[in-house]
Amino acid sequence: MAPGKPCRHPSAGCLFLLALLAAAPCPTRAAAVADSARAWAQLVLDLGLENVAVVDSGARAAVLYENRRWRHSADALGHVAGAIGVPLTAFEERLGLPAAAITRRSESVPLAVELEVPARAPSLAFGTVHDVTSPERTRFRVRYPFEPDFPAAPRAAVERPTWRSADLVLGALVDYELGRIYDPVLYRIQLQPTLRYNPWPGALARLAVVIPVRNRYDPDPQHPDLERVRPGLAALEQFTWIPRTGLLSVDAGYFGDNRYGGVIGLARPLAGGRFLLDAEGDLTGFIAFGPGGTQYSDPSHLTGYGAVTWRPGLDLSVRGRVARFLYGDDGVELEVRRAFGDFDIAFFGQRTAGVNIAGVRLVLPVPPMQRAAGTPLRLQPIERFAIDYHSEPAPLGRDLTGTGSRAEYLRQLDEPALDANLGRFARAENPIPAKTPSRNSEADRHPDLINLTGVTGFVNTPWAGVVADRRLEAGYNHIPRTWAYDHRGTHNNEVYYLTLGFLPRAEASVRWTVLPGLKSFTEEVPGSPLTDTDYMASGRISLVAPRPNRPGLALGIEDVKGTRRFHSEYAVTGLPWQIGLMQGRLSIGYAFDVLGAARRTLDGTFGAFEWSPWRRLATQVEYDSEKWNLGVAVPAPFGIRFRAAWLHMQSFSVGAGLGCSL
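Under this note's numbering, the first residue of the sequence shown is numbered 18, with each subsequent residue one higher.
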């Protein structure tokens, strides 16, 4: 080509140069992508999240963060999704270590508030409502770092790292025991301020001191230092992911319960967290800090467990364990747990050392509901407070406390938990006007009636349905001595109960029945202040839910575990009816004689009829297999309901309950 003449026909060299220019990234576009990533990172930081890194690949954002601000992972994920506004892969960290990658399975489906109105309502002013059973609703996919298809986390510089801050949390240690002959109520309250620090990814260092506040226990060989200010938790735990294997945890230090040593555990979540295989081994020794100097033994005591957890949905988990417990007893345990928002309630049964043990575990949230973040030292109370009730006061079926838990590390990071909290995600992603129907508005306005035995029903007899899902009621009933079920004619029965809609078709209740003035052990142990109190648990399953023009069917058992002084097992059918403005219920059932019991509240055929001249008043007549009763239930503000009964048309009984939806 002659010099100075334009290239009319591109040569191979020209074509190669043009190809290089076309393949080279556009400086303007690269700068725009970097600017968007920086802007998104700042938005995530403004939410109060930590360990933040954001990468924009153009079609999808990758967002890394640690949530120590919001109560639930669904809250944090929703806020991040709302702030970013584009499809994203969220990498939630725990202790500076990636714990899970979360994506939405169906991002094209519009999402508003789940379960805020009945599913039959097509729409409301604040947006579209999706039926929880609809296959089109948005769901989540969760993957874990040990899995081969775990996506690459953002490699950008992490902003606001957690290792630059520490937490000083104030917790309490509460122990109690009921039913001792000389000391009916024993309790111990101790404060435990704890300094927590995340020195490197996956590590947590804890240092605590225990301060006695109130103690009614006597020192024993296992706890000789109860009255002393002493070290609390002083341990280092490390979590790490082993490729294609699972989550490994290692702990060393002083754990509490006067035990020190080392702990190793391994967990493997499967199918997006629907199943969790978990095992732990503990090698510990005894240590106590006075009086009389420090006492200790060699760390040669071996305990541990192997567990399988199944999460079928509804934020429900079923866990089975084979364990060697803290005090050397071997046994098995079955636990059924459900999360109700920020509350966890679990029922469990154990068979250990030849003893059957039943109990309840509660995990209660501690305010504030939104936590501080981004400060060098966070001062706040503990996030959650756990309390257990065991039917057997002996030291059986107890676990080593204060160690790292793989299940707790992965808490809420599974597909069933995120799906069950889709409403929380939606409210965080797209805030809605303040005035919206509540989840259980119908149950709040017209709650199920609780009877004198503390379960849904009429006066003494049960109903063919169950209390509404997530509905909780606590209350009291007075049973006069004339028709008391225990020590009839001599002592009143004072009933305290807690009834919960544990599942959509399952009701569970616990009940304490006090017999004022009855000192059961005065003959054997003169001077015993113990008042006779019975503790019991009850449950009912609705096989067919009762509806207008269609009868329902339920099976139930009262006093499942306990002395069975108030026992019954029954089948009951019932039909709700309505004529004009009047409505009511009709019920008939039969109480069987299968399991042995000291006495029975129902024995044979029973039935009831209820008439409500208007919705908020119920009048009842029933035959409870022994006598005829009349009853009435009247609502009051703030979820309170009063009830009264005329037992055998001879003696009056009264009670009240306070209910709410969880």
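Yeah, the Cβ is synthetic: ideal placement off N, Cα and C, and Gly gets one too. Bear in mind the structure is a predicted one, so any value in this text is a computation, not a measurement.
Using only alpha-carbon positions, find the residue among Thr257, Pro652 and Thr618 that is nearest to lysine 644.
Thr618
Which of helix, strand or coil does DSSP assign to phenylalanine 442?
helix
May I ask you to report which of helix, strand or coil DSSP gives leucine 60?
helix
Hey, which unbroken runs of the beta strand (DSSP E) at 3 residues or more fall wholly within the segment 527-615?
550-561, 569-575, 585-596 and 599-609
Using a Cβ-Cβ cutoff of less than 7 Å, which residues in the same chain neighbour leucine 260 once the five nearest sequence positions on both sides are dropped?
The question names leucine, yet the displayed sequence has proline at residue 260. Excluding positions up to five away in sequence, the list reads Phe163.
I'd like to confirm something about glutamine 255: is its beta-carbon nearer than 7 Å to some heavy atom of the ligand ADP, or not?
Of the ligands one can find in the structure shown there are none, so the ligand ADP has no counterpart to examine.
What residue does the beta strand (DSSP E) around tyrosine 204 start on, and which one ends it?
202-214
Are the Cβ atoms of arginine 557 and valine 638 separated by less than 8 Å?
no
Helix, strand or coil for histidine 96? Go by DSSP, reduced to three states.
helix
Hey, quick one: how far does the beta strand (DSSP E) through aspartate 192 stretch, first residue to last?
183-195
If you drop the 5 nearest sequence neighbours on each side, which residues of the same chain put their C-beta closer than 8 Å to that of glutamine 312?
Pro241, Phe303, Ile304 and Ala305
Nearest to valine 103 (by Cα), restricted to the options Trp87, Glu109, Val72 and Ala116
Val72
Inter-residue Cα distance where the pair is arginine 338 and glutamate 297:
11 Å
Rank Leu466, Gln600, Leu243 and Asp235 by C-alpha distance to the C-alpha of glutamate 524 and give the top, closest one.
Leu466
Opening and closing residue of the alpha helix (DSSP H) in which alanine 434 lies:
432-437
For tyrosine 277, name the three-state secondary structure that DSSP assigns.
strand
Spatially closest choice to leucine 195 from Asp405, Thr120 and Ala269, by CA coordinates
Asp405
Give the single residue among Gly273, Ser266 and Thr262 whose Cα lies nearest to the Cα of leucine 250.
Gly273
Segments of 4+ residues assigned as alpha helix (DSSP H) that fall wholly inside the segment 300-337:
none
Between phenylalanine 4 and valine 380, what straight-line distance do the alpha-carbon atoms span, to the nearest angstrom?
Nothing in the structure corresponds to residue 4, since the chain is present only between 18 and 679.
Take methionine 386 and list the residues in its own chain whose beta-carbon comes closer than 8 Å to its own, dropping the five residues that flank it on each side.
Arg88 and Asp359
Over the uninterrupted alpha helix (DSSP H) stretch that includes arginine 85, give me the two end residues.
Segment: none, arginine 85 is in no alpha helix (DSSP H) and carries neither H nor E.
Among Leu185, Thr120, Ala118 and Leu417, nearest to glutamate 400 - alpha-carbon criterion
Leu185
What does the Cβ neighbour count give for glutamate 83, buried or exposed, with the cut at 16 atoms within 10 Å?
buried
Given arginine 177 as reference, the closest of Ala390, Leu679, Leu294 and Val335 once Cα atoms are compared
Ala390
For serine 458, name the three-state secondary structure that DSSP assigns.
Low confidence applies to serine 458: its pLDDT is 48, below 50, so where it sits in the model is not reliable, and the reading given next is rough at best. Residue state, collapsed to three classes: helix.
Is it buried or exposed for arginine 46, if we count other Cβ within 10 angstroms and need 16 for buried?
The predicted position of arginine 46 is uncertain, since its pLDDT is 47 and thus under 50; no value can be drawn from it.
May I have the straight-line CA-CA distance separating valine 527 from arginine 233, to the nearest angstrom?
26 Å
What number of angstroms, rounded off, separates the C-alpha of alanine 78 from the C-alpha of arginine 355?
33 Å
When you compare the CB positions of alanine 107 and alanine 174, do they come within less than 8 Å of one another, or not?
no
Assess, as a yes-or-no matter, whether the segment 418-437 is touched by the segment 285-293 under the definition of 3 or more beta carbon pairs within less than 8 Å.
yes
Rank Ala554, Gly591, Ala340 and Gln595 by C-alpha distance to the C-alpha of aspartate 576 and give the top, closest one.
Ala554
Residues in its own chain within less than 7 Å of glutamine 595 by CB, not counting five upstream and five downstream?
Pro565
Quick one: residues in its chain with C-beta nearer than 8 Å to the C-beta of proline 568, no 5 flanking neighbours on either side, listed in chain order?
Ala481, Val561, Thr590, Gly591 and Leu592
Would you mind stating whether valine 476 and serine 559 have Cβ atoms separated by less than 8 Å?
no
Any idea if glutamine 239 is buried or exposed, counting beta-carbon neighbours within 10 angstroms, 16 or more meaning buried?
exposed
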